[in-house]
Amino acid sequence: MKPLRIILIAFAVLIVAGTIASAATGGVHGKPTPSPTVSDTETEAPEPTETEAPEAEATTSDKSGTEPDFSACGGLTGLDNAICRHEALLKVKPDNPGLTNSLAHLQANLAAHAARQAAKAGGTHGNSGTHGPSGS
Numbered sequence: 002m003k004p005l006r007i008i009l010i011a012f013a014v015l016i017v018a019g020t021i022a023s024a025a026t027g028g029v030h031g032k033p034t035p036s037p038t039v040s041d042t043e044t045e046a047p048e049p050t051e052t053e054a055p056e057a058e059a060t061t062s063d064k065s066g067t068e069p070d071f072s073a074c075g076g077l078t079g080l081d082n083a084i085c086r087h088e089a090l091l092k093v094k095p096d097n098p099g100l101t102n103s104l105a106h107l108q109a110n111l112a113a114h115a116a117r118q119a120a121k122a123g124g125t126h127g128n129s130g131t132h133g134p135s136g137s
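According to this note's numbering, the sequence shown is numbered sequentially starting from 2.
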């Protein structure tokens with residue numbers, strides 16, 4: 002029984018050590034790691050060659066061979082940009098339930114943001130008007 006116990010304990014230690022090693026990111030969570038600074042002597046990147054860039058591969062539909070048209074999203078930022086890009090992706094893959102669900106969440110977030118901005122502009126803050134006596 003003793004050799005079996007030693008093997009089981011060693012196996013458990015390996016699993017725990019592997020889990021800890023794979024979970025370690027090397028940085029503080031929530032804070033980006035510093036990126037290398039660009040020196041003044043560096044030159045600009047050369048123009049892309051005729052081969053397709055890796056980013057273009059990621060946006061290409063995997064089976065239909067068509068690419069989403071993000072040209073309408075130029076100049077948009079934040080939620081507006083994300084919604085525009087989701088809509089373009091859904092034109093290529095209209096039957097993708099994940100994209101449909103994600104777009105619905107983005108649109109709900111945009112509506113909630115607009116409601117908060119309207120409330121802020123109107124002078125209401127949270128539950129104002131429901132506060133108890135001020136104590137004065």
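Built from N, CA and C at the ideal position, the CB exists for glycine as well.
- The beta carbon of residue 83 lies closer than 6 Å to those of 107 in the same chain, with the five residues before and after it left out.
- Look at residue 94 here: in three-state DSSP terms it is coil, with no helix or strand label.
- Residue 104 is a Cβ neighbour of residue 91, given a cutoff of 9 Å.
- Secondary structure at residue 104: helix, using DSSP grouped into helix, strand and coil.
- CA-CA distance, residue 85 to residue 79, rounds to 10 Å.
- Between residue 109 and residue 89, the gap from beta carbon to beta carbon reaches 9 Å or more.
- Taking a 10 Å sphere around the C-beta of residue 114, we find fewer than 16 other C-beta atoms and assign the residue as exposed.
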